[in-house]
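Take a look at the structure set out below.
Numbering (my numbering), first residue to last: 55 to 213.
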């Protein structure tokens with residue numbers, strides 16, 4: 055039932071707003087929505103569009119995907135990694151640049167482990183992918199001693 059999801063969304067939004075120590079008016083202003091409209095969303099009376107959810111997520115400094123799942127727009131199975139991303143984005147002890155770096159590292163590890171496809175996120179070549187393609191250049195001498203291959207950028211193997 056849609057109202058059940060909207061109710062969950064409203065409760066979730068209210069909790070996130072309180073965690074961020076924002077008043078209803080402050081969040082409404084930050085997200086660019088009216089105070090009464092936000093109040094209706096929190097009380098489960100309105101179902102916001104994906105665009106409004108994105109604005110709210112940005113104002114709350116959480117991932118839009120988290121709100122999409124709460125609103126029933128995204129399936130829970132599509133949510134892999136969202137909890138980690140949300141934790142990074144909502145951590146008040148690190149700055150924006152640090153958050154973006156952590157998210158990029160996390161995404162690269164997931165891609166390397168086969169959780170993300172090459173077409174998801176920014177396309178990056180991992181060592182696993184590079185080893186499956188035809189070699190274009192011979193390895194450097196450092197690679198024979200456990201060092202990175204030319205242009206690989208990987209850390210030396212410490213085993």
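Cβ atoms here follow ideal geometry from the backbone N, Cα and C, with glycine treated the same way.
Does DSSP put residue i in a helix, a strand or coil?
i: residue 149; result: coil
i: residue 101; result: coil
i: residue 83; result: helix
i: residue 140; result: helix
i: residue 115; result: coil
i: residue 174; result: Caution applies to residue 174, whose pLDDT of 49 falls short of 50 and renders its modelled position unreliable; the value that the coordinates give is listed next. Three-state result, residue 174: coil.
i: residue 71; result: helix
i: residue 128; result: coil
i: residue 76; result: coil
i: residue 167; result: coil
i: residue 93; result: helix
i: residue 88; result: coil
Report yes if the C-beta distance between residue i and residue j is below 9 Å; otherwise report no.
i: residue 120; j: residue 140; result: yes
i: residue 74; j: residue 101; result: no
i: residue 117; j: residue 143; result: yes
i: residue 78; j: residue 114; result: no
i: residue 123; j: residue 136; result: yes
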